[in-house]
Amino acid sequence: MFDNWRGKPHGDDFMEHERPALQLRGLTKRFDRLAVDALDLTVRAGEFYALVGPNGAGKTTTLRMVAGLLRPDAGSVDIFGIDALRAGIDAKQLMAWVSDEPMIYDKLTPMEYLEFVGGLWGIEPKVSQGSARELLISLGLEAHLNERCEGFSKGMRQKVALAGALVHDPRLIILDEPLTGLDAVSARHVKRLLSERVHAGGTVIMTTHILEVAERMADRIGIIAAGRLVAEGTLNELRQQNGQNDTSLEELFIALVDIEAKAA
Amino acid sequence: MSSATTQPWFARHEIRLAWREWLTMVTGGRRRRTRAALIGLTAFAAILHLPAYAVIGRFASLEAPLGKSPLIVLTSTIFLAWALMLSQAIESVTRVFYARADLDLIMSSPAKLANIFSIRIAAIAVSVTGMALLLSTPFVDVLVVFGGVRWFSAFGVVISSGLSATALAIAMTIALFRLIGPARTRLVAQILAAIIGAGFVIALQIAAILSYGTLSRFAVLTSDAAATYAPDAESLLWWPARAVLGDREALLLLLSASLVLLGIVTMILSPRFADTAASASAHAESRRRGRASRAFRGGSRQQALRRKEFLLLGRDPWLVSQTLMQLLYLVPPALFLWRSFSDSSTAIVLITPVIVMAAGQLAGGLAWLTISGEDAAELVATAPLSSAQVIRAKIEVVLIVNGAIFGPLLLALALLAPMQAAVMAAGVITGTASATAIQLWFRSQAKRSHFRRRQTSSRLATFAEAFSSIGWAATAALVLALPVAAVISGLMTVSIIFAAWKLSPRRS
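As you go down the protein sequences, you meet chains Y and W in turn. Just so it is clear: in the first sequence, position 202 is 202 by the working numbering, and no numbers are missing. Counting from 1 along the second sequence, just add 1000 to a position and that's the residue number in the working numbering.
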């Protein structure tokens, strides 16, 4: 499916592959209060990283700064070694952003939307058409390829937005609550597609409130509270860090967030 | 809650909603501004008495019985006001069917839908009539002050017009639903609302140009031919005019007839109103299938953006109807030019401001849609294009569309009068550029479907855009008629635009 995938490490690309997909240093953002507090975070290339945290912890703000939608007050954002704050366009070429509220055009069909996204990322039309069709079919939208999106349900819109994020073969995909509003079958489609991406060498960073999904899909999990990373690692590492070998992520999460809240 | 208590309770709910919607409209959604907005509105209403006096003051002494020509003029004016109310009522009815977020809640509730919708029909009638009363008050005040209390009966005619316009709008919209289905009704009703509002004036102007070579619609109304064909003074046709002049019998008849009409429509159609609303909301679930488009096949990133904008503009029924209106407004002056040009070059002076004004207004709307009304703002913001490239592509779309609409007219004019065409072209370009720049400076992300509410998002931008269009229209006309005054008018317009730029939100 992803023959034109540009992220596979070989030859000169190897050194590039060694670079982290995302590196945040001292990332800070303040609105009325401090939303992200000098956050340091590294996501390796080819990794599925889940960012979890309570409401208002700073997950979405962090990812919006990474995607170039918000300007940080301080700190740095590197995407595969590219300084995203200085060379934003080069960094954007490598990544895709999917919001929890799917933003698509009501008056375009899914095929037109994906071809438009392909055009924005400068993908050859023949390439983008082929992968657009494949992506939409793989997400169960075969019957709706040429229908305008105006009558689509939230789940269908979310799938179109996700297909739009994948159509230009990004090396880094950032998703904010991508499973919100999806039925079980659609959620499975999305999870399968994201896993395929990671197996093909891509990097996925996702926020979610569904801890089961993070537990099952993510290579590493970052727990964020009050704008700071309070714990990070694989599920086993998180358990060891907290001396609770048999607990679920949910129990770990509640314990860590509770400690952080008491400390604050 | 019993069925008996549901109706008054729902009526209170509707009144509260209507009041808050109106407040949002006048305050631009900022609650702290309520007091200032109300004071401003009152001052505006007081100032409106001046133009009202200028327009209508000389007619305050009119008294029954009138001759045929004054009766025709008065009846036509009432009919024009009624047509505008009908247009507004069609708008309101379509909004109830398609845009009210509470339809699902209401229709899933155990309340009797016929009762609920009869209240909603009444609410439409009250809002249409209320708005008409508000706008007519300065005119009626002037007539009362200078002509006596008998003119108060004009308010009764406004109420009767509002009620009958609402009844007809509901009947028309439901008939359209039955005839052409919910999908087409939305577009057709929007176009109908636009055409009905201005069609009468445009038709009178066209008739006047073709018959008498003037842009004045009064030429037809006051002509001997109109008086010859008009019915006798006792005809029912003149009852609205008689009612306005203070004839109590005529006024009571009009009020009763419109109340009965609205009552019948409510009784017969309120149960169908529920079905129609259900069909409209079901339509949102239906899908429009189209052929695979080739719009995005090939080209640069900016081209992809431009093509997307063109595709969306072409598929926007509201914009299509508005553009159609702009073009309709251009028909009478174009016709006037064609009829008059061989005899007198002054025609060009009359047509120039109309064209320049239309270009500025259309550009403002287009610029809002392309720059602020970006439904996938985050997609475009995360695409590998600089924001300058995105903005440039969107501005190009506005210029291309305006060029395509006004270019042919300017070209035709250039063949006849190159100098005048050059002035008009400069006016069109400047008006377009100014309106676009103002929309750019005051841009704020919004849903495309909120196009109708764009005026309320920034009052400053709305006024700046309107005054810049008027300023450039006046300047272009003055360049041809009185060049020295054009310099002053041009400088004033530039200072308005400069002030708008200075007052626009700063961006990092």
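Ideal Cβ positions, reconstructed from N, Cα and C, are used throughout, including at glycine.
In this structure residue 243 (chain Y) is exposed. Its beta-carbon is surrounded by fewer than 16 other beta-carbon atoms within 10 angstroms. Think of a sphere of 7 angstroms around the beta carbon of residue 1301 (chain W): the chain Y residues whose beta carbon falls inside it are 119, 120 and 122, in chain order. Between the alpha carbons of residue 198 (chain Y) and residue 135 (chain Y) lies a distance of about 16 angstroms.
With its beta carbon at least 7 angstroms from every one in chain W, residue 248 (chain Y) lies outside the interface.
When C-beta distances to chain Y are compared with 8 angstroms, the residues of the stretch 1370-1404 of chain W below that value are 1375, 1376, 1377, 1378, 1379, 1380, 1381, 1382, 1383, 1384, 1385 and 1386, in chain order. Following the DSSP letters along the chain, one finds residue 215 (chain Y) inside the alpha helix (DSSP H) bounded by residues 211-217. Residue state for residue 48 (chain Y) is assigned as strand, using DSSP reduced to three classes. Interface annotation, residue 48 (chain Y): not in contact with chain W, CB-CB separation never under 7 angstroms. Taking 7 angstroms as the CB threshold, residue 93 (chain Y) lines the interface with chain W. As the crow flies, the alpha-carbon of residue 130 (chain Y) is around 55 angstroms from that of residue 1265 (chain W). Going by DSSP, residue 1401 (chain W) is part of the alpha helix (DSSP H) stretching over 1387-1416.
Cβ atoms of residue 69 (chain Y) and residue 43 (chain Y) stay farther apart than 8 angstroms, at about 18 angstroms. Just so you know, the alpha carbons of residue 58 (chain Y) and residue 128 (chain Y) end up roughly 34 angstroms apart.
In the three-state DSSP reduction, residue 25 (chain Y) falls in the strand class (E or B).
Residues of chain Y with a Cβ closer than 9 angstroms to the Cβ of residue 1305 (chain W) are, in chain order, 116, 119 and 120. For the stretch 56-79 of chain Y, the set of residues with a beta-carbon nearer than 9 angstroms to any beta-carbon of chain W comprises 64, 67, 68, 69 and 71, in chain order.
Nearest in C-alpha terms to residue 1363 (chain W), of all of W:1312, W:1439 and W:1311, is W:1439. For residue 1139 (chain W), same chain residues with a beta-carbon under 6 angstroms away, outside a window of 5 residues either side, are 1052 and 1056 in chain order.
Residue 249 (chain Y) is not a Cβ neighbour of residue 196 (chain Y), given a cutoff of 7 angstroms.
Per DSSP, residue 77 (chain Y) is one residue of the beta strand (DSSP E) stretching across 74-79. Taking C-alpha positions only, residue 163 (chain Y) is separated from residue 184 (chain Y) by approximately 18 angstroms. Each of Y:150, Y:148, Y:149 and Y:133 was checked against the Cα of residue 142 (chain Y), and the nearest Cα belongs to Y:133. In terms of beta-carbon proximity, residue 1315 (chain W) lines the interface with chain Y, with at least one pair separated by less than 7 angstroms.
Contact of residue 1366 (chain W) with chain Y by beta-carbon distance below 7 angstroms is absent, the smallest such distance being about 15 angstroms. Under the 8 angstroms Cβ criterion, the stretch 105-113 of chain Y does not count as touching the stretch 61-79 of chain Y, having fewer than three qualifying pairs. Residue-level contact check: residue 89 (chain Y) touches chain W, since one or more beta carbons of chain W fall below 7 angstroms from its beta carbon.
DSSP places residue 39 (chain Y) inside the beta strand (DSSP E), whose first and last residues are 34-43. By alpha-carbon distance to residue 176 (chain Y), the top candidate from Y:34, Y:120, Y:61 and Y:201 is Y:61. Assignment of residue 1316 (chain W) by DSSP, reduced to helix, strand and coil, places it in the coil class. Using a CB distance below 7 angstroms, no part of the stretch 126-142 of chain Y faces chain W. By the 16-neighbour rule on beta-carbons within 10 angstroms, residue 1229 (chain W) is exposed. Counting the other Cβ atoms within 10 Å of the Cβ of residue 1019 (chain W) gives fewer than 16, which makes it exposed. Bridge pairing for residue 95 (chain Y): Y:172 [DSSP].
For residue 1122 (chain W), the enclosing alpha helix (DSSP H) stretches over residues 1113-1147.
When beta bridges are read from the DSSP output, residue 225 (chain Y) appears opposite Y:228. Where residue 204 (chain Y) is concerned, the enclosing beta strand (DSSP E) starts and stops at 203-207.
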